[in-house]
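To start, the structure itself, in structure tokens.
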Amino acid sequence: MALLDSDAYWQPGLETQSRAAWRQLQLDLLRDHLRHAYDGSPYYRAAFDAAGVSPDQLRNLDDLRRFPFLDKGVIRDRQQAAPPFGDLVAVPERDIVYISASSGSTGAPTASPFTAGDFDDWIDYEARQFWSSGLRPTDRYAHALNFSLFVGGPCVLGAQKLGALSIHAGTLPSERLLAVLRQFQATAIWTTPSYAWHLGETAQKEGIDPKRDLAVRRLFVAGEPGGSIPETRARIEALWGAEVYDYYGLSDVFGSCAGMCVEKDGLHWAEDHILVEVLDPETREPVAEGERGELVLTTLRKRARPIIRFRTGDIVSVTTEPCRCGRTSLRLTGVHGRLDDMLIIKGVNLFPSDVEAVVRQDAALTGEYRLVVERIDHLDRLTIEVEHAHGFNGHPSDLRDRLRRQVKAATGVGAEVALLAPDTLPRAVHKAKRVDDRRAHVWS
Ligand SMILES: [Zn+2]
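Residue 927, in our numbering, is where the sequence shown stops; the numbers in between run on with no holes.
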């Protein structure tokens, strides 16, 4: 490895320590954290007792596998049983200084409480992640995520702590946001991948070339798999003339838990705050490194509401190979989709992101797509709706055939292709809805 450039890191000693040192740090933190959860939270005390496990039995990190899982349903149920924050909380309410809440798109919103110490920890590692993505005190950073109760909102304070000029933009209308970016010559912005795309296209429609007329050179994205799909990232980068860095976070854990460094080769985990397991969703046993499995997370320091073995429902893959940047933390190498979004078509597992990778590398297409799944005569039929690009003058049947072959090669699933005119599919401003599974209607 090359000599370390100390300006490359926020905390050089921590970020480049050996894997053995990471594991020892996690074990020390986990022992203390499980004890804190057991002593402070009625829920964890009952759950650990029911499973016949005690924090004192943790001798190595593998012992965590004896502890019970947690999921969104449990968090929601416990919150309803012991309002307003639920009995996973392990500190007195006077120690809680901040809550975020999930959107409630799949049920009642759940609150995520923080102590003052939790909040400071979060902002500090957010600064560390921004630093790893190349953000520096000379940058002007526009935070274009929702601030209303959303756990992504306070992440702006990480950029501010790092020393960047921080523009608390929030979710402005696109024209207004473009005006702000232009007026203040923002050099970095954080939004979702869909919105980054939408904003770039809106700029072009207004006669603004993001590459020439705006100063944005770094885009941070989160909230959808797109930022880790190289073809999607490449197209957003081409549109903006900027580097795109993917970030990953969960409202019930932290605003962002992992982010890309300047090498853009996976997302580095904040492993001194969150322990990662990747498990087979069926057997709940660990998968081999690099294989796809469900992401299960355990906080290591969050005092207000410890999160122990939270099943995220996200299907991911990870690596512990050292990164070219010199950081040694575990990296998320793919967020393949939600367990809930995983389609089973003719017995084959398929994620919308698998199709996205094919659709976005074809310059004859706009890159927008939707998957329609039907059951016809007891057989699944997948139709991929795509739009041809403006000015496309090839043969539609050739394009459809090419796409069919590529999707079959990439996913193993045979699909029909419906070729639509540009701007036909609905544009998502934030999270895109990519699947229309009509099979449920057949069964009802
Ligand atoms: Zn790296």
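All C-beta atoms in this analysis are idealised placements derived from N, C-alpha and C, irrespective of residue type, glycine included.
The structure presented is a predicted model; accordingly, all values stated were derived computationally and were not measured.
message: Suppose you measure from the CA of Cys808 to the CA of Ser501; what does that come to, to the nearest Å?
response: Near 14 Å, if we compare the C-alpha coordinates of Ser501 and Cys808.
message: For Arg786 and His516, I'd like the C-alpha separation in whole angstroms.
response: Roughly 8 Å between the two C-alpha positions.
message: Any heavy atom of ligand 1 closer than 6 Å to the beta-carbon of Glu746?
response: Checking the Cβ of Glu746 against ligand 1 gives yes.
- prompt: Under the rule that 16 or more other beta-carbon atoms within 10 Å means buried, what is Tyr492, buried or exposed?
  reply: Per the 10 Å Cβ criterion, buried.
task: Please say whether Arg788 and Leu547 have beta carbons closer to each other than 7 Å?
output: For Leu547 and Arg788, no; Cβs fall outside 7 Å.
field: Sheet register partners of Tyr731 (DSSP bridge)
entry: Bridge pairing for Tyr731: Ala741 [DSSP].
- request: Check each candidate in Arg665, Ala565, Arg853, Arg716 and name the one with the smallest Cα separation from Ile691.
  value: Checking every option, the nearest Cα to that of Ile691 belongs to Arg665.
field: Tyr492, enclosing beta strand (DSSP E) - first and last residue
entry: First-last for Tyr492: undefined, no H or E at that position.
Rounded straight-line distance, which links the Cα of Leu854 to that of Arg921: Near 10 Å, if we compare the C-alpha coordinates of Leu854 and Arg921.
- prompt: Can the beta-carbon of Ala647 be found closer than 7 Å to that of Asp607?
  reply: At the C-beta level, Ala647 and Asp607 stay beyond 7 Å of one another.
- prompt: Where Tyr581 and Thr598 are concerned, what is the direct C-alpha to C-alpha distance, given to the nearest angstrom?
  reply: So the two alpha carbons sit approximately 7 Å from each other.
query: Roughly how many whole angstroms lie between the Cα atoms of Phe602 and Asp860?
result: Rounded to whole angstroms, Phe602 to Asp860 spans 55 Å at the Cα level.
message: Assuming Gln799 and Val761 are in contact, meaning their beta carbons sit under 8 Å apart, how far apart are those beta carbons, in whole angstroms?
response: According to the sequence provided, residue 799 is Val. The question's Gln does not apply to it. The distance from the Cβ of Val799 to that of Val761 is about 6 Å, consistent with a contact at the 8 Å cut-off.
- prompt: DSSP state of Thr598, grouped into three classes?
  reply: Here Thr598 sits in strand by DSSP.
- request: Evaluate the contact criterion for the stretch 551-561 versus the stretch 826-833: three or more CB pairs, one atom per stretch, below 8 Å.
  value: Look at the beta carbons and you see the stretch 551-561 not touching the stretch 826-833: under three pairs across the two are nearer than 8 Å.
- request: Can you have a look at Leu862 and say buried or exposed, based on whether 16 or more other CB atoms are within 10 angstroms of its CB?
  value: With fewer than 16 other Cβ atoms inside 10 Å of its own Cβ, Leu862 counts as exposed.
task: Flag Cys806 as yes when its Cβ comes closer than 6 Å to any non-hydrogen atom of ligand 1, and as no otherwise.
output: Yes, the Cβ of Cys806 comes within 6 Å of a heavy atom of ligand 1.
message: For His756, count the other beta carbons within 10 Å of its own beta carbon; 16 or more makes it buried, fewer makes it exposed. Which is it?
response: His756 should be labelled buried.
message: Which complete alpha helix (DSSP H) runs does the stretch 809-862 hold, if anything under 4 residues is left out?
response: Runs found: 835-842.
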